[in-house]
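Only one structure is covered here, and it is reproduced in the block below.
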Amino acid sequence: MAAKTPMFDVNSIPMSERVHITKNLLRYGIAIDQETGKIDYIPGTKVPEVRCQSIHLIRHAETEAVAKHEFMCDTSTNCGFTENGIEITKKQAAELDAYDFDIALYGPIPRVVNTQLIIMERPQKFEAIKVHKLHGIDNTGWEYKSFEDLCNTPLFIAREIENNMFARTPSGTSWGMVIANCVDVLDLINEEYAGKKVLLISQGSVLRAFQILLRKRKHPWDDFTVEGMYHVGDDTNKKKNYGIIDRIY
5 MAAKTPMFDV
15 NSIPMSERVH
25 ITKNLLRYGI
35 AIDQETGKID
45 YIPGTKVPEV
55 RCQSIHLIRH
65 AETEAVAKHE
75 FMCDTSTNCG
85 FTENGIEITK
95 KQAAELDAYD
105 FDIALYGPIP
115 RVVNTQLIIM
125 ERPQKFEAIK
135 VHKLHGIDNT
145 GWEYKSFEDL
155 CNTPLFIARE
165 IENNMFARTP
175 SGTSWGMVIA
185 NCVDVLDLIN
195 EEYAGKKVLL
205 ISQGSVLRAF
215 QILLRKRKHP
225 WDDFTVEGMY
235 HVGDDTNKKK
245 NYGIIDRIY
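Residue numbers (this note's numbering): 5 to 253.
What follows is the structure in C-alpha cells.
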C-alpha cells in the first residue's frame, strides 16, 4: 500500500520553531505527534504550579471582520472596531473595579493595543504592560477571506480542522507557537506576579491556549469549532465573547 501523502508539509516551519513548541508543551504534559502535529495530554502528568491568585482574559473588541464574516491578520484593515464592539468594551472597562486586578498584560497587535487603550481611558487601579509573547494566531494570507473561501484548502484543514500544531500560513503563526508562547507568559506571571490578580488583554486563540495548558477541558480541542472560534458566518451565535471577561485560573 502506498504511503499516505500528508495534506500539509510539517517540515515547512523552521526546526528551531518545532523544537521550541515541542519542549514548551511537554513542560505542561502535552505530547505532539511529530508527523501529524496532533496533541494530547500525557496521562498522569500534573500542570506546573501557577503562583498568581487569578488570571482573567478580555478578548479584543469586536472588529469589522467579525461583522463581515471575514478572517483578519495582525494588520489587515478589517481589524477596526464596530460601534457595538467599542460599546461592550467600554462597559467592561467600567466594571473592572469589582475584580480588583493588580496588573494587566496586553498583547502587541493593533486591535489588542487599541482595546487596551479603550479600557485604560477610564482610570483603573492597575498598570497595563505590553507583553510581546501574548500574541495569538496571525492569519496573514487569509485576511478578508470567508470560511467558504478556505474550508476546503489543505492548509486550512490542517490548522483549523485537524489542529496541526505546526501548520501555519507562510507569514502567519501556528497553534503550536501560540500555545508555546503562552507557556512563556505563564513563566513571566510566576516570576513577576506571584500572588497577584492578573488581567490579560489579548485574542481568542490565547484564551484557548491557556485553557489547553491549564486543563480546562478533558481533551485540548473539546468544543472547538472554526465557526465558534472566529464567529464566521453565524449571526445567531450566542457565545460571542469579544470584549468580554473570561476567567482562566
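Just so you know, even glycine gets a beta-carbon here, dropped at the ideal spot from N, CA and C. Please read these numbers as outputs of a predicted model, since none were measured by experiment.
For Lys27, which three-state DSSP category applies? Looking at Lys27 - three-state DSSP - the assignment turns out to be helix.
Val210 classed as buried or exposed, judged by whether at least 16 other C-beta atoms fall within 10 angstroms: Taking all protein chains shown into account, Val210 has 16 or more neighbouring C-beta atoms within 10 Å of its C-beta and is therefore buried.
Taking Cβ positions only, does Tyr246 come closer than 8 Å to chain D? Although the question refers to chain D, the structure presented lacks it and comprises just one protein chain.
Does the structure place the region 52 to 65 close enough to the region 195 to 214 that three or more beta carbon pairs sit under 8 Å? Output reads yes: the region 52 to 65 touches the region 195 to 214.
With a threshold of 6 Å on Cβ separation, who are the neighbours of Thr177 within its own chain once the five nearest residues in sequence on each side are excluded? The beta carbon of Thr177 sits closer than 6 Å to those of Ile141 and Asp142, all from its chain and outside the five residues before and after it, given in chain order.
What does the alpha-carbon distance come out to for the pair Ala184 and Gln128? Distance from the CA of Ala184 to the CA of Gln128, rounded to the nearest whole angstrom, comes to 30 Å.
Status (buried if at least 16 other CB within 10 Å, exposed otherwise) for Glu147: Classification for Glu147: buried.
Within 10 Å of its beta-carbon, does Thr119 have 16 or more other beta-carbons around it, so buried, or fewer, so exposed? With 16 or more neighbouring CB atoms inside 10 Å of its own CB, Thr119 falls in the buried class.
With 16 as the cutoff for other CB atoms within 10 Å, does Val255 come out buried or exposed? What the structure shows of the chain is the stretch from 5 to 253, and residue 255 is not part of that stretch, so it cannot be assessed.
Which of helix, strand or coil DSSP assigns to Asp250: Three-state result, Asp250: strand.
Can you name the residues that DSSP bridges to His60? Within the DSSP bridge table, the entry for His60 names Leu203 and Arg251 as partners.
Count the other CB atoms within 10 Å of the CB of Ala6; is the residue buried (16 or more) or exposed (fewer)? Any answer about Ala6 is weak, because its pLDDT of 39 lies below 50 and its placement is not dependable; what the coordinates show is given next. Ala6 is exposed by the Cβ-count criterion.
Alpha helix (DSSP H) containing Tyr45: first to last residue? Counting along the chain, Tyr45 falls outside any alpha helix (DSSP H), though it belongs to the beta strand (DSSP E) covering Ile43 to Tyr45.
From this set, Val182, Ala162, Lys222 and Phe151, which residue's C-alpha is nearest Phe75's C-alpha? If we check each option's Cα against that of Phe75, Phe151 comes out closest.
Would you tell me roughly how many angstroms separate the C-alpha atoms of Tyr246 and Ile46, rounded to the nearest one? As the crow flies, the alpha-carbon of Tyr246 is around 32 Å from that of Ile46.
Start and end residues, beta strand (DSSP E) containing Glu131: Bounds of the beta strand (DSSP E) holding Glu131 are Glu131 to Lys134.
Judging by CA-CA distance, which residue of Val189, Ile193, Lys42 and Ala97 is the nearest neighbour of His64? Nearest of Val189, Ile193, Lys42 and Ala97 to His64, Cα basis: Ala97.
In chain order, which continuous runs of the alpha helix (DSSP H) of length 4 or greater are located wholly inside the region 148 to 224? If you keep only unbroken alpha helix (DSSP H) runs of at least 4 residues inside the region 148 to 224, you get 151 to 154, 179 to 196 and 208 to 217.
How would you write the range of the beta strand (DSSP E) that Ala108 sits in, first residue to last? Counting along the chain, the beta strand (DSSP E) containing Ala108 begins and ends at Ile107 to Tyr110.
So what does DSSP say about Ile17, is it helix, strand or coil? Here Ile17 sits in coil by DSSP.
When the Cα of Glu231 is compared with those of Leu154, Asn194 and Ala171, which residue comes out closest? Out of Leu154, Asn194 and Ala171, Leu154 has the C-alpha closest to the C-alpha of Glu231.
Residues bridged to Thr67 by DSSP? Looking at the DSSP assignment, Thr67 forms a beta bridge with Phe85.
Can you check DSSP and say which residues form a bridge with Ala102? Per DSSP, none; premise fails for Ala102.
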